[in-house]
Amino acid sequence: MMRWTTPKFFYAFSQHGLPWLTGALWILLGYGLCGGLILSPPDYQQGEGFRIIYVHVPSAFLSLFAYVVMAIASAIYLVWRIKIANIVASAIAPIGTLFTGLALLTGAIWGKPMWGTWWVWDARLTSELILLLLYFAYLLLKSSIPEKEKASKIASMLAVVGVLNIPIIHYSVEWWYTLHQGATLSKFSKPSMHPDMLWPLLAMIGAFLVYFWIAVLIRSRTLILESEQGTQWIKNLFEQHK
Amino acid sequence: METLLNFIHMNGYGVYVWSAYGITLFGLLSHYYLERKQFKKACDAVSALSANDIDPRTRTIIFRKII
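Residue numbers (numbering that gives the first Met the number 0), protein chains in the order written: chain A, 0 to 241; chain B, 0 to 66.
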């Protein structure tokens, strides 16, 4: 079990996983884009403008998913002091920030033709903006405190506490009166979307999810190389490829 | 040709739809490029530490093999 948690094992594992993930990404992205832009019919209310959901919903889903994974990894680091958990949490922060930024931007672009405004201070949008600020705060803490261990501890605490914002984002459309529509997909109810619209959306969510793991693996490998520079196994790794 | 123009125009929503896709694509591609660049930089730093005699061309080959 402990072998799984070593940077050496994680590095080797990611090396084998990346080509498979890249293949899956192209397949899902190809189907998702063709289905979303060409094959799916226009929405009866939103017309062709609804096609923005094929980039907005996956970005929004990944912004929440990334934060939950980051918080879990941070909690593991705080409790068991497992180094790779801290590396994974650090690797998630930039891609989580990107997805949150994309969710807000594409949401604003969708809002203009549908609501007549780029932005409203309603519960869903505001809580998503708070999520972006949490990601920024995590990155800022990591980079601004010179003692790395102290920085990791404080940033991990922030990540764990900040996870409280996730149910607020998710249920904001039910708890408060908001301009934002309800959940597009719910695991507890039958999807209201036509399968021609639904399957490309699921493929795009899958593609974004796969890209998330690709980004996390590449970033983790960079962080491992930076932190394990002087170790024997890194020297051996580079020696054997000479 | 008309079909293609209709597809781009998207019944008046083209500017919104394409800008949303464009921003997403730009964000993801530039993120991927920056991550790869940082990984290569880390590889170079390790190569330089572990063997001072490696020339830049060999370093690129090592980078391609280990990624």
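Glycine included, every Cβ here is placed at the ideal spot set by N, Cα and C. Quantities reported herein were computed from a predicted structural model and do not represent experimental measurements.
Using a cut-off of 8 Å between C-beta atoms, extract the partners of B/I22 located in chain A.
For this step, residue 22 of chain B is matched to residue 23 along the second sequence. From the beta-carbon of B/I22, the residues of chain A found nearer than 8 Å are L101, L104, T105, I108.
Could you confirm whether any beta carbon from chain B is found closer than 7 Å to the beta carbon of A/E47?
What you label residue 47 of chain A is simply residue 48 of the first sequence in a count that begins at 1. So, interface residue.
Does the CB of A/T221 have a neighbour CB from chain B at under 7 Å?
Position 222 of the first sequence, counted from the first residue, corresponds to residue 221 of chain A. Taking Cβ atoms only, chain B reaches closer than 7 Å to A/T221, which makes this a yes.
Would you mind listing the alpha helix (DSSP H) stretches within the region 107-187 of chain A that are 4+ residues and don't spill past its ends, in chain order?
When DSSP assignments are scanned along the region 107-187 of chain A, the uninterrupted stretches of alpha helix (DSSP H) that are 4 or more residues long and fall wholly within it turn out to be 122-143, 147-161, 164-174.
Closer than 9 Å, Cβ to any Cβ of chain B: which residues of the region 206-218 of chain A, in chain order?
If the cut-off is 9 Å between Cβ atoms, the region 206-218 of chain A has F207, Y210, I213, A214, I217, R218 near chain B.
Determine the extent of the alpha helix (DSSP H) in which A/N235 is found, giving its start and end residues.
Along the first sequence, read from residue 1 onward, the residue named residue 235 of chain A stands at position 236. Counting along the chain, the unbroken alpha helix (DSSP H) around A/N235 starts and ends at 231-239.
May I have the straight-line CA-CA distance separating B/G13 from A/H55, to the nearest angstrom?
As a position in the second sequence, residue 13 of chain B is number 14, starting the count at 1. As a position in the first sequence, residue 55 of chain A is number 56, starting the count at 1. Cα to Cα, B/G13 sits roughly 16 Å from A/H55.
Is there a C-beta anywhere in chain A that falls below 7 Å from the one on B/E1?
Residue mapping note: residue 1 of chain B aligns to position 2 of the second sequence, counting from 1. By this cut-off, B/E1 is not an interface position.
Starting from B/Y32, find everything on chain A with Cβ-Cβ shorter than 8 Å and list it in chain order.
Walking along the second sequence from the start, residue 32 of chain B turns up at place 33. The CB of B/Y32 never comes closer than 8 Å to any CB in chain A; the least such distance is about 11 Å.
Expressed to the nearest angstrom, what Euclidean distance is found between the alpha-carbon atoms of B/T23 and A/S62?
What you label residue 23 of chain B is simply residue 24 of the second sequence in a count that begins at 1. What you label residue 62 of chain A is simply residue 63 of the first sequence in a count that begins at 1. Taking the straight line joining both Cα atoms gives about 13 Å.
State whether the region 26-39 of chain A contacts the region 202-214 of chain A, with contact taken as three or more CB pairs (one from each stretch) at a distance under 8 Å.
Contact holds: three or more Cβ-Cβ distances are below 8 Å.
Is the separation between the beta-carbon of A/V78 and that of A/S219 shorter than 7 Å?
The residue given as residue 78 of chain A occupies position 79 in the first sequence. The residue given as residue 219 of chain A occupies position 220 in the first sequence. No, the Cβ-Cβ distance between A/V78 and A/S219 is not below 7 Å.
If you check the beta carbons only, do A/T112 and B/Y15 fall under 7 Å apart?
Taking the first sequence and counting its residues from 1, the one referred to as residue 112 of chain A is at position 113. Taking the second sequence and counting its residues from 1, the one referred to as residue 15 of chain B is at position 16. Note on identity: in this sequence residue 112 of chain A is Pro, with Thr being the wrong assignment. One thing to note: A/P112 has its Cβ within 7 Å of the Cβ of B/Y15.
Taking just the CA atoms, how far does A/K7 sit from A/M192?
To locate residue 192 of chain A, count along the first sequence from 1; it is residue 193. To locate residue 7 of chain A, count along the first sequence from 1; it is residue 8. Here the alpha carbons of A/K7 and A/M192 stand approximately 45 Å from one another.
Report, in whole angstroms, the separation of the C-beta atoms of A/T99 and A/L130, which I expect to be a contact under 8 Å.
Working through the first sequence from its first residue, we reach residue 99 of chain A at position 100. Working through the first sequence from its first residue, we reach residue 130 of chain A at position 131. With a Cβ gap of about 5 Å, A/T99 and A/L130 count as contacting.
Taking buried to mean at least 16 other C-beta atoms within 10 Å of its own C-beta, is B/F45 buried or exposed?
What you label residue 45 of chain B is simply residue 46 of the second sequence in a count that begins at 1. Residue identity check: residue 45 of chain B is Val in the sequence provided, not Phe. Classification of B/V45: buried, given that the 10 Å Cβ count is 16 or more.
Taking C-beta to C-beta, are A/S58 and A/L216 nearer than 7 Å?
As a first step, residue 58 of chain A is located in the first sequence; it is residue number 59 there, counting from the start. As a first step, residue 216 of chain A is located in the first sequence; it is residue number 217 there, counting from the start. No. Outside cutoff.
Here's the rule: buried if 16 or more other CB atoms are within 10 angstroms of the residue's CB, otherwise exposed. What is A/F211?
Sequence index remark: in the first sequence, residue 211 of chain A carries index 212 (1-based). The residue in question, A/F211, is buried, as its Cβ has 16 or more Cβ neighbours within 10 Å.
Spatially closest choice to A/S155 from A/T4, A/N164, A/K141, A/L163, by CA coordinates
For the purposes of this step, residue 155 of chain A is taken as residue 156 along the first sequence, with counting starting at 1. Nearest neighbour of A/S155 by Cα position, chosen from A/T4, A/N164, A/K141, A/L163, turns out to be A/K141.
Chain B residues whose Cβ lies nearer than 7 Å to that of A/P112:
Locating residue 112 of chain A in the first sequence gives position 113, counting from the first residue. Scanning chain B for C-beta atoms nearer than 7 Å to the C-beta of A/P112 yields Y12, Y15, reported in chain order.
Exposed unless 16 or more other CB atoms sit within 10 angstroms - verdict on A/W109
Translated into the one-based positions of the first sequence, residue 109 of chain A becomes position 110. Burial call: buried.
What in chain B is Cβ-close to A/E225, meaning under 7 Å?
The count along the first sequence starts at 1 and reaches residue 225 of chain A at position 226. Around A/E225, the beta-carbon contacts reaching into chain B at under 7 Å are A41.
How is the alpha helix (DSSP H) around B/N5 delimited, first residue to last?
Here residue 5 of chain B refers to the residue found at position 6 when the second sequence is read from its first residue. Counting along the chain, B/N5 sits inside the alpha helix (DSSP H) bounded by residues 1-8.
Compare the Cα-Cα distances from A/V67 to each of A/A214, A/V159, A/E173 and report the closest residue.
The count along the first sequence starts at 1 and reaches residue 67 of chain A at position 68. For A/V67, the closest alpha carbon among the candidates A/A214, A/V159, A/E173 is that of A/V159.
Chain B contacts made by the region 55-66 of chain A, where a contact means CB separation under 8 Å
Here the close residues are H55, S58.
So within the region 194-227 of chain A, which uninterrupted alpha helix (DSSP H) runs reach at least 4 residues, ignoring any that extend past its ends?
Qualifying alpha helix (DSSP H) stretches, in chain order: 194-226.
Within 10 angstroms of its Cβ, does A/I26 collect 16 or more other Cβ (buried), or is it exposed?
Mapped onto the first sequence, residue 26 of chain A falls at position 27. Exposed, because fewer than 16 other Cβ atoms sit within 10 Å of the Cβ of A/I26.
To the nearest whole angstrom, what separates the beta carbons of B/A41 and A/T221, a pair I think is in contact under 8 Å?
Along the second sequence, one-based indexing puts residue 41 of chain B at 42. Along the first sequence, one-based indexing puts residue 221 of chain A at 222. Their Cβ separation, rounded to whole angstroms, is 5 Å, which keeps B/A41 and A/T221 in contact under 8 Å.
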